[in-house]
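In this text, residue positions in the sequence shown follow UniProt numbering: the first is 1, and each later residue adds one. Virtual Cβ for every residue (Gly too), placed ideally from N, Cα, C. Keep in mind that this is a model prediction, so the values were computed, not measured. Remarks on the structure that follows.
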Amino acid sequence: MALQERLDKFKKQQEKCQTTLSSIAASKAASQKSAAHGSASANGRNAPPVVKFSNDTERLQHINSIRKAPVGAQMKRVIDLLLETRQALTPEQINEACYVDMKANKDVFDNLRKNPKVNYDGQRFSYKSKYGLRDKAELLQLVRKYPEGLAVIDLKDAYPTVMEDLQALKAAGQIWLLSNFDSQEDIAYPNDPKVHIKVDDDLKQLFRSIELPRDMIDIEKDLQKNGMKPATNTAKRRSAAQIQGISSKPKPKKKKSEISKRTKLTNAHLPELFQNLNNS
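Right under this line is the structure:
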């Protein structure tokens, strides 16, 4: 009996210890959770704000590279802008459009103000072409003032559609566009039917006495020697014909049939046509 009582007493002590240990473990876990929550709250209140970097870094770097570029490069950007827009712009508008800050760069400002392609009225900059033209009618009037020819390169920047208008005037037969052999640039000549051109008889006779080469290639070479651009390219055409298997040799002419005694004569009033018949 005594042994049984001791065993029961020992079992109760174990249960009591187990309960105590469980209680201690539970309270410790609760205290750790509370401490962690408090630390997080404190860190949230005292932590410095997160620094957000600009998403526009690439654009800012681009602007910085433009403003550090040589004066000539910055001037070209401004002139290209004025040519494209055809508007009078203030330095602030130019800075906003192409990032060239002329107020901060005196060299760019002064050189643009003196540039022959730029007009400055004291407040705004605008593009200045060699000829102040606005439309096709003014273009035609200008070309007619230069019977010796006007370089197309000097007209290209007159206004946006000037090249299309030149081709339209050429198609209408109002001007000629001929190429200069040395510079390979077109020259615009007036073609006014009202202008009466008198040519001396000696010049006409000299022109008619010139014997042209029989081969078209030789004609093209002579044109090039005299500074003119041929409208044809016979060598290229013949080469293409040979590749395609087409003969470039002229076809032999058919032998002209002679009049025989059996031929029905319908032009008896022209006896010179029948000399061969009479002699046969």
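Helix, strand or coil for residue i, going by three-state DSSP, please let me know.
i, result
"Ser-190", "A small correction: the amino acid at residue 190 is Pro; Ser does not occupy that position in the sequence shown. The answer is strand: DSSP assigns Pro-190 an E or B state."
"Val-118", "strand"
"Ser-179", "strand"
"Ala-42", "Unreliable placement is indicated for Ala-42, whose pLDDT of 48 sits below 50; the coordinate value is still reported in the next sentence. Of the three classes helix, strand and coil, the one that applies to Ala-42 here is helix, per DSSP."
"Arg-134", "coil"
"Leu-155", "coil"
"Gly-72", "helix"
"residue 282", "There is simply no residue 282 to check, as the chain begins at 1 and stops at 280 in what is shown."
"Gln-244", "coil"
"Ala-231", "coil"
"residue 307", "Given a span of 1 to 280 for the chain in the structure shown, any question on residue 307 remains unanswerable."
"Ala-26", "helix"
"Val-100", "coil"
"Asp-200", "coil"
Tell me the rounded alpha-carbon separation between residue i and residue j.
i, j, result
"Lys-204", "Leu-112", "54 Å"
"Ala-231", "Leu-133", "30 Å"
"Ile-94", "Ile-63", "13 Å"
"Arg-237", "Ile-243", "10 Å"
"Leu-155", "Gln-174", "17 Å"
"Arg-208", "Asp-202", "10 Å"
"Gly-44", "Thr-57", "Summary for Gly-44: the model assigns pLDDT 48, below 50, so the residue's position carries little reliability, and this model does not support an answer."
"Pro-147", "Lys-117", "26 Å"
"Ile-79", "Glu-220", "42 Å"
"Val-152", "Tyr-120", "26 Å"
"Lys-103", "Tyr-131", "30 Å"
"Lys-114", "Asp-186", "30 Å"
"Gln-167", "Gln-61", "44 Å"
"Met-163", "Lys-198", "32 Å"
"Leu-81", "Glu-92", "13 Å"
"Pro-190", "Gly-72", "38 Å"
"Lys-194", "Ala-172", "15 Å"
Compare the Cα-Cα distances from residue i to each of the options and report the closest residue.
i, options, result
"Pro-70", "Lys-106, Arg-59, Leu-82 and Asp-157", "Lys-106"
"Lys-229", "Leu-133, Ala-172, Tyr-120 and Ser-179", "Ser-179"
"Arg-77", "Tyr-159, Glu-15, Gln-174 and Phe-109", "Phe-109"
"Gln-74", "Ala-97, Thr-57 and Glu-58", "Ala-97"
"Leu-142", "Tyr-120, Leu-169 and Lys-117", "Leu-169"
"Met-216", "Leu-139, Lys-136, Ala-26 and Asn-233", "Asn-233"
"Glu-84", "Pro-160, Glu-185, Arg-59 and Ser-239", "Pro-160"
Give the DSSP bridge partners of residue i, in chain order.
i, result
"Thr-125", "The sequence shown places Phe at residue 125, not Thr. According to DSSP, which records beta bridges pairwise, Phe-125 is partnered with Leu-89 and Tyr-120."
"Leu-150", "Ala-188"
Leaving out five residues before and five after residue i in sequence, what residues of the same chain have Cβ atoms less than 7 Å from its Cβ?
i, result
"Asp-192", "Arg-144"
"Ser-129", "Asp-157 and Ala-158"
"Ala-101", "For the sequence presented, residue 101 should be read as Asp rather than Ala. Excluding residues within five positions, the ones whose Cβ falls inside 7 Å are Arg-67 and Asn-95."
"Arg-124", "Ala-88, Leu-89 and Thr-90"
Below 8 Å CB to CB, which residues in the same chain sit around residue i once its five sequence neighbours on both sides are set aside?
i, result
"Gln-87", "Ser-126"
"Asp-222", "Pro-213"
Tell me which same chain residues have a C-beta within less than 6 Å of the C-beta of residue i, skipping the five on either side of it?
i, result
"Leu-150", "Val-143 and Ala-188"
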